[in-house]
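Residue 310 in full-length UniProt numbering sits at position 310 of the sequence shown, and the numbers go up by one each step.
Think of the CB as a built atom: it goes at the ideal place given N, C-alpha and C, for glycine as much as any other residue.
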Amino acid sequence: MVWRQLREQQENLLSPYAARSVNSFGRIINEEKCPIRTDYERDGNRILYSMEFRRLRHKTQVFFNAKNDHICTRMEHVLNVGSIAVTIARTLNLNQDLTYAIALGHDLGHAPFGHSGERVLDKCMKKVNKESGFKHELHSLRVVEKLATRISKEKIHERCGLNLTFEVKDGIVSHCGEKYNEYSLRRDMEKTPQSLLSLKDRGHLPFTLEACIVRLVDKIAYVGRDIEDAVRVNLMNMHDIPMDIRNELGNTNGEIINTLVCDLVENSYGRDCIQLSTEKGQALEKLINENVRLIYKADKITRYEKIAENTLEGLFDSLRNSLSDFERLQTNENKVYRMFYNFIADKAYDKSESDAQKVIDFIAGMTDQFAQSCFEEIYWM
1 MVWRQLREQQ ENLLSPYAAR SVNSFGRIIN EEKCPIRTDY ERDGNRILYS
51 MEFRRLRHKT QVFFNAKNDH ICTRMEHVLN VGSIAVTIAR TLNLNQDLTY
101 AIALGHDLGH APFGHSGERV LDKCMKKVNK ESGFKHELHS LRVVEKLATR
151 ISKEKIHERC GLNLTFEVKD GIVSHCGEKY NEYSLRRDME KTPQSLLSLK
201 DRGHLPFTLE ACIVRLVDKI AYVGRDIEDA VRVNLMNMHD IPMDIRNELG
251 NTNGEIINTL VCDLVENSYG RDCIQLSTEK GQALEKLINE NVRLIYKADK
301 ITRYEKIAEN TLEGLFDSLR NSLSDFERLQ TNENKVYRMF YNFIADKAYD
351 KSESDAQKVI DFIAGMTDQF AQSCFEEIYW M
């Protein structure tokens, strides 16, 4: 008995709208099948055990350098998204393995210092080339396709990152809904593996309903948790949220999640879409806008953004200038430059890759603390 085949047969019992691993567009490089796991479950494991995933524990979600151990980190956010998304997928009879893999990988390419760091790296890239930029979901795709490393059974480095299936990669790169008023999603079934090669911006719809779940759950997972953390650091209290929003969604993070998950399931079950009701969707939009006003644009947060800006811009300028004599980096007395040399040598970049992109790849993979320590190593006497 090949146990994977039993698992694949179980997929036949899923909703007609569910993705099935046997129908996957597959991987860039074909591999021998696992005797137990489906391809989607295998992808989730690859992400979970990757070095890039491990570093998420020391990357900021919203509150940088918090002195409280209970403040949410990027890794905790990702795990919360995974838990909520799988609950929804199970209830809607969609593919749980695919949903979980997308959720685990959706922020794999996030910059240090959260969205503040993302904006700084975007600014750095545009300073070199106005047509370029940095968006964490596009970089997450770059991580799983190129930057992350794994060893094949023959112990040969494969230059295809984690070599994930198309559906998982599509879910990762499609997870970011820019608009707060987006609460009804239909999948784009015209997408193909070739579609991912030309992506330069965000906003495109996912290929699967499982990816649509992760895209909406990303908001559901952070909106109440960010309030919870803001209360914990005395930035606000729950009563600062207007009463009409609290009456619609709840007074705690748990109540907000429960309200939105139940509403999403009620309005998506048996349908070829993932959606909230208009009432709950509009309430979620209002709550996110309150978070922007009370949390994300608060003085305490914007002051921390200066630290991110100084650190990341300083690293970008110094490392980019160092590439004028690449071979000297190998013997440089400064360990940051030596690490940068080894990073580039290990990735075996194509000649078409710009120096700016190599620098961004190196910096984006850093944790908050490591970025700060590298900055200090370079600039402090």
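- In the same chain as residue 145, and ignoring 5 residues on each side of it, the C-beta atoms closer than 6 Å to its own belong to 161, in chain order.
- Of all C-beta pairs linking the segment 50-60 to the segment 189-202, fewer than three are shorter than 8 Å, placing the two stretches out of contact.
- Beta-bridge analysis with DSSP links residue 132 to no other residue.
- Across the set 179, 255, 202, the C-alpha of 179 shows the shortest separation from the C-alpha of residue 219.
- Within the same chain, Cβ atoms closer than 8 Å to the Cβ of residue 135 are found at 118, 122, 176, 201, 202, the five residues on either side in sequence being excluded.
- Using a Cβ-Cβ distance cut-off of 8 Å, the segment 58-70 and the segment 124-135 are not in contact, since fewer than three pairs of beta carbons, one from each stretch, lie closer than that value.
- By the C-beta density criterion, residue 81 is buried, having at least 16 other C-beta atoms within 10 angstroms.
- For residue 185, DSSP records a beta bridge to 274.
- Between the alpha carbons of residue 365 and residue 111 lies a distance of about 7 Å.
- Contact between residue 377 and residue 335 holds, with the beta-carbon distance rounding to 7 Å and staying under 8 Å.
- Beyond the five residues adjoining it in sequence on each side, residue 330 comes within less than 7 Å, by CB distance, of 338, 341 in the same chain, given in chain order.
- Excluding the 5 residues flanking it on each side, residue 17 has same chain C-beta neighbours closer than 6 Å at 209, 272, in chain order.
- Contact between the segment 7-16 and the segment 71-86 is absent: fewer than three C-beta pairs spanning the two stretches fall below 8 Å.
- In this structure residue 212 is buried. Its beta-carbon is surrounded by 16 or more other beta-carbon atoms within 10 angstroms.
- With a threshold of 16 other beta carbon atoms within 10 Å, residue 352 falls short and is exposed.
- Straight through space, the alpha carbons of residue 214 and residue 22 are spaced by roughly 21 Å.
- Per DSSP, residue 204 lies in no alpha helix (DSSP H) and is assigned neither H nor E.
- For residue 287 and residue 363, the gap between their C-alpha atoms comes out near 32 Å.
- Looking from the CA of residue 7, the closest CA among 25, 42, 276 belongs to 42.
- Boundaries of the alpha helix (DSSP H) around residue 77: 74-91.
- With a minimum length of 4 residues, the unbroken runs of alpha helix (DSSP H) contained wholly in the segment 269-353 fall at 278-291, 299-322, 335-347.
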